[in-house]
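Everything in the sequence shown is counted per UniProt numbering, starting at 1 for the first residue and increasing by one.
Even for Gly, the Cβ is constructed at its ideal location relative to N, Cα and C.
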Amino acid sequence: MLHLGLFFTGVGSQLVWTADDFASHTHIDTFVATVQTLERGLFDAFFLGEGLRVRENRGRIYDLDVAGRPDAITELAALAAETTHIGLVATQNTTYNFPADLARRLASLDHISGGRAGWNVVTTDNAWTGENFRYGGWLPHERRYERATQFVSAAKAMWAGSSIDRHTDLLAVTAPPTVPARPVIFQAGDSPGGRDLAARHADAVFSANTDFDKALAYAADLRSRLASYGRPPDAVRILPGASVVLGDTAAEAAEKAAWIQREQINGPRAIAFLEQYWGKDLSGYDPDGPLPDIEPAEGELDPSRGTISIEHRTGKLDRIAGWRKLGLSIRDLVIEVTPRHNSFVGTPGRIADEWARYLAAGAVDGFNILPQLLPGTIEDIVDRLVPELQERGIYRTSYEGTTLREHLDLP
1 MLHLGLFFTG VGSQLVWTAD DFASHTHIDT FVATVQTLER GLFDAFFLGE
51 GLRVRENRGR IYDLDVAGRP DAITELAALA AETTHIGLVA TQNTTYNFPA
101 DLARRLASLD HISGGRAGWN VVTTDNAWTG ENFRYGGWLP HERRYERATQ
151 FVSAAKAMWA GSSIDRHTDL LAVTAPPTVP ARPVIFQAGD SPGGRDLAAR
201 HADAVFSANT DFDKALAYAA DLRSRLASYG RPPDAVRILP GASVVLGDTA
251 AEAAEKAAWI QREQINGPRA IAFLEQYWGK DLSGYDPDGP LPDIEPAEGE
301 LDPSRGTISI EHRTGKLDRI AGWRKLGLSI RDLVIEVTPR HNSFVGTPGR
351 IADEWARYLA AGAVDGFNIL PQLLPGTIED IVDRLVPELQ ERGIYRTSYE
401 GTTLREHLDL P
């Protein structure tokens, strides 16, 4: 059977709000309406992202980022009281949390939700976030995954009823066991270190591979890593992130997808995107005009990680040179180069057929939906796509269990 989740991001601007009654990224009523619709559509889980910083560029806060959202685990605990079956997955990082505290909080969510808790393990790859946590600071890539492996291992031991007394150069924890719990562990990293962490500890992975051939290759790679850790090939559910745009015809769906992209990339966002690469104030440029004819500044920070590297500088110059050759306006360029999650655009029947092909080939176990319209994306999938999946016999017609592990067919 196909498994479905929905991921509500912590930062970013891919969501387009299309109804006044969907109040905001922070209001509890928005989340209640979302998860109740998902539960009506028999989704396995609702994933809640969490950002530990508000992005800024040249001293200006990104107005499209989320600020002021309640703590993810607290929010999901409130949603547990408004639902009966859907899994509730909190994104929590292993670099800036402490094992004893986070293990206890996740165990509490699992306990009060009746076994519906999940943990989306992330390591956080930028120095900007590290500035908010003076006790630890930023860790390089390899060390982040070493800490994450130790962190998850400690949490799992506490959930299993063991006291912990572990001290390494990356982690120090002495703590009693939590209440008995088994939150489902998700992992989203796609690097070799992230894949190894998933193969060792995860119950499910949230991958970025929605192209059919890449999805097959990813699944084969993950299963080979599972074998190296003595785990069976079906031990981990593979759920690539994917956006869905539905229409009555292929042409209507394509037109809708193009409209969404233009709504996502407004003028200020297009300029802000370019400023990250030029390292200069470009506010005087017309977003619908040509690219700046000036060279980018030297020694600017990597806009996503807050670090400086020769590779970043060289890669930036090469990228800008390639952009100039396209001859596009600033806004059209940003639309063109911004990563798209319009993985599946078409009629409900065509997309259902495509998902059936992925499932039959073993490329995926399901998808984690990245919504672009609220509430439109969710309502479209629940009311139009889910019936097509059920008609093909690849999606449940009712919940058969009450826990997230049962939904995902995990031991």
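According to DSSP, is residue i helix, strand or coil?
| i | result |
| --- | --- |
| glycine 87 | strand |
| histidine 407 | helix |
| valine 337 | helix |
| phenylalanine 98 | coil |
| leucine 48 | strand |
| glycine 41 | coil |
| leucine 2 | coil |
| threonine 174 | strand |
| valine 244 | strand |
| glutamine 369 | With the sequence shown as reference, residue 369 is identified as isoleucine, and glutamine is not the correct amino acid for it. Of the three classes helix, strand and coil, the one that applies to isoleucine 369 here is strand, per DSSP. |
| proline 363 | With the sequence shown as reference, residue 363 is identified as alanine, and proline is not the correct amino acid for it. Alanine 363 falls in the coil class under three-state DSSP. |
| valine 236 | coil |
| phenylalanine 31 | helix |
| arginine 105 | helix |
| alanine 208 | coil |
| glutamate 311 | Because glutamate 311 carries a pLDDT of 43, less than 50, the predicted location of this residue cannot be relied on, and the following value inherits that uncertainty. In this structure, glutamate 311 counts as helix in the three-state DSSP scheme. |
| alanine 185 | Note that residue 185 is isoleucine in the sequence shown, not alanine. It is a strand residue. |
| lysine 325 | helix |
| tyrosine 399 | coil |
Where do the N-terminal and C-terminal ends of the alpha helix (DSSP H) with residue i fall, by residue?
| i | result |
| --- | --- |
| arginine 147 | 141–159 |
| isoleucine 271 | 267–278 |
| tyrosine 73 | One point to set straight first is that residue 73 is isoleucine, not tyrosine, in the sequence displayed. Its alpha helix (DSSP H) spans residues 72–80. |
| isoleucine 260 | 250–264 |
| isoleucine 378 | 376–380 |
| alanine 198 | 192–201 |
| valine 386 | 386–391 |
Report the CB separation of residue i from residue j in whole angstroms; it is logged as a contact under 8 Å.
| i | j | result |
| --- | --- | --- |
| alanine 155 | asparagine 120 | The pair is not a contact, with the Cβ atoms about 13 Å apart (cut-off 8 Å). |
| threonine 95 | arginine 144 | 6 Å |
| phenylalanine 212 | tyrosine 358 | 7 Å |
| leucine 6 | isoleucine 351 | Actually they do not touch by this definition, with Cβ atoms about 16 Å apart. |
| leucine 216 | alanine 199 | That belief does not hold up - the Cβ atoms of leucine 216 and alanine 199 are roughly 17 Å apart, past 8 Å. |
| proline 183 | leucine 106 | 5 Å |
| leucine 38 | isoleucine 86 | 6 Å |
| valine 244 | leucine 222 | Actually they do not touch by this definition, with Cβ atoms about 24 Å apart. |
| leucine 4 | glycine 362 | Leucine 4 to glycine 362, Cβ: 18 Å. No contact. |
Tell me whether residue i is buried or exposed, calling it buried when 16 or more other Cβ atoms sit within 10 Å of its Cβ.
| i | result |
| --- | --- |
| arginine 116 | buried |
| histidine 27 | exposed |
| serine 224 | exposed |
| isoleucine 294 | exposed |
| alanine 71 | Looking at the sequence shown, residue 71 is not alanine but aspartate. That one is exposed. |
| glycine 114 | exposed |
| alanine 181 | buried |
| tryptophan 259 | exposed |
| threonine 124 | buried |
Can you name the start and end residues of the beta strand (DSSP E) that residue i belongs to?
| i | result |
| --- | --- |
| aspartate 165 | 164–167 |
| phenylalanine 212 | Unbroken run through phenylalanine 212 is the alpha helix (DSSP H), 212–228; no beta strand (DSSP E). |
| valine 121 | 117–122 |
| glycine 346 | 344–346 |
Kindly say whether residue i, judged by its beta-carbon, lies nearer than 7 Å to any beta-carbon of chain B.
| i | result |
| --- | --- |
| leucine 410 | Of the protein chains in this structure there is only one, and it is not chain B. |
For the stretch 320–333 and the stretch 288–298, state whether three or more C-beta atom pairs, one from each stretch, are separated by less than 8 Å. Look at the beta carbons and you see the stretch 320–333 touching the stretch 288–298: at least three pairs across the two are nearer than 8 Å.
For the structure I just gave you, are there three or more beta carbon pairs, one from the stretch 264–273 and one from the stretch 388–404, closer than 8 Å? Using a Cβ-Cβ distance cut-off of 8 Å, the stretch 264–273 and the stretch 388–404 are not in contact, since fewer than three pairs of beta carbons, one from each stretch, lie closer than that value.
I'd like to know if the stretch 400–407 and the stretch 274–285 are in contact, where contact means that at least 3 CB-CB pairs between them fall below 8 Å. Cβ pair count under 8 Å is below three, so no.
For the 8 Å Cβ check, are there 3 or more pairs between the stretch 248–265 and the stretch 225–240? Using a Cβ-Cβ distance cut-off of 8 Å, the stretch 248–265 and the stretch 225–240 are not in contact, since fewer than three pairs of beta carbons, one from each stretch, lie closer than that value.
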